[in-house]
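A quick write-up on the structure given underneath.
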Amino acid sequence: MPRLLIVAHAPSPNTRRLREAAERGARHPDIEDVEVVVMPPLETGPEDVRACDAILLGTTENLGTMSGALKDFFDRSYYPVLEEQQGLPCALYVRAGHDGTGTRRAVESIVTGLRWKWVQAPLILRGEWQEGFADQVEELAMALAAGLDAGIL
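Counting with full-length UniProt numbering, you get residues 1 to 153 for the letters of the sequence shown.
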């Protein structure tokens, strides 16, 4: 059974809502044959990346870049998975209080180095909190899981 790994930093109630929305989307009842694993970045390591068939990354925008927790995840996982997980389907959502550009660029740079495959452009949730943010993340995760379920990723 293919495995979708959701690695999401969620330090606030709203970012926890986003992580929950990602899990809800990935576990949609119409998606029957995908195992969903949800982990915080500080608890996720190379073995988790090796065991997955696609990855959804979630981060906050911190000082114009990704969260330190997601950066730590990449620091610990980059070289151990570099040769083994090339082509890994991935997607990203960013909860950005400003424009999210630096965060997107930082993650894209690492993903390019890992040779992972973007399945959708990064989702940047900009500005003040909006209730629709959770719906967008849910749809992103659902699409990723559905692609795994259909065998097209």
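C-beta atoms are modelled at their ideal positions from N, C-alpha and C, and glycine is treated no differently.
State the start and end residues of the unbroken beta strand (DSSP E) segment that holds E61. Position 61 of the sequence shown, counting from 1, holds the residue named residue 61. That run of the beta strand (DSSP E) goes A54 to N62.
Do R104 and V94 have their beta-carbon atoms positioned less than 8 Å apart in this structure? Locating residue 94 in the sequence shown gives position 94, counting from the first residue. Locating residue 104 in the sequence shown gives position 104, counting from the first residue. Against a cut-off of 8 Å, the Cβ pair of R104 and V94 comes out as a contact.
CA-to-CA distance, W116 to A51, given in whole angstroms: Here residue 51 refers to the residue found at position 51 when the sequence shown is read from its first residue. Here residue 116 refers to the residue found at position 116 when the sequence shown is read from its first residue. For A51 and W116, the distance between alpha carbons rounds to 15 Å.
Residues in its own chain within less than 6 Å of V34 by CB, not counting five upstream and five downstream? Within the sequence shown, numbered from 1, the residue matching residue 34 stands at position 34. Excluding residues within five positions, the ones whose Cβ falls inside 6 Å are P2, L4, A145, L148 and D149.
Which value, in whole angstroms, describes the spacing of the CA atoms of I6 and A26? For the purposes of this step, residue 6 is identified with residue 6 of the sequence shown, where counting begins at 1. For the purposes of this step, residue 26 is identified with residue 26 of the sequence shown, where counting begins at 1. So the two alpha carbons sit approximately 9 Å from each other.
L88 vs Q120 beta-carbon contact at 8 Å: On the sequence shown, residue 88 is found 88 positions in, with the first residue counted as 1. On the sequence shown, residue 120 is found 120 positions in, with the first residue counted as 1. It is not a contact, given that the beta carbons lie outside the stated cut-off.
Whole-angstrom C-beta distance between A54 and L153, which should lie under 8 Å: As a working note, residue 153 is residue 153 in the sequence shown. As a working note, residue 54 is residue 54 in the sequence shown. About 6 Å separates the two Cβ atoms, so the contact holds.
By the three-class DSSP mapping on this structure, what secondary structure does M142 have? For the purposes of this step, residue 142 is taken as the residue at position 142 of the sequence shown. Helix, per DSSP.
Whole-angstrom distance between T101 and E84, CA atom to CA atom: As a first step, residue 84 must be located in the sequence shown, where it is residue number 84. As a first step, residue 101 must be located in the sequence shown, where it is residue number 101. C-alpha separation (whole angstroms): 29 Å.
Should G45 and R76 be called a contact, given that it needs their Cβ atoms to be closer than 8 Å? For the purposes of this step, residue 45 is taken as residue 45 along the sequence shown, with counting starting at 1. For the purposes of this step, residue 76 is taken as residue 76 along the sequence shown, with counting starting at 1. A contact, by the Cβ cut-off of 8 Å.
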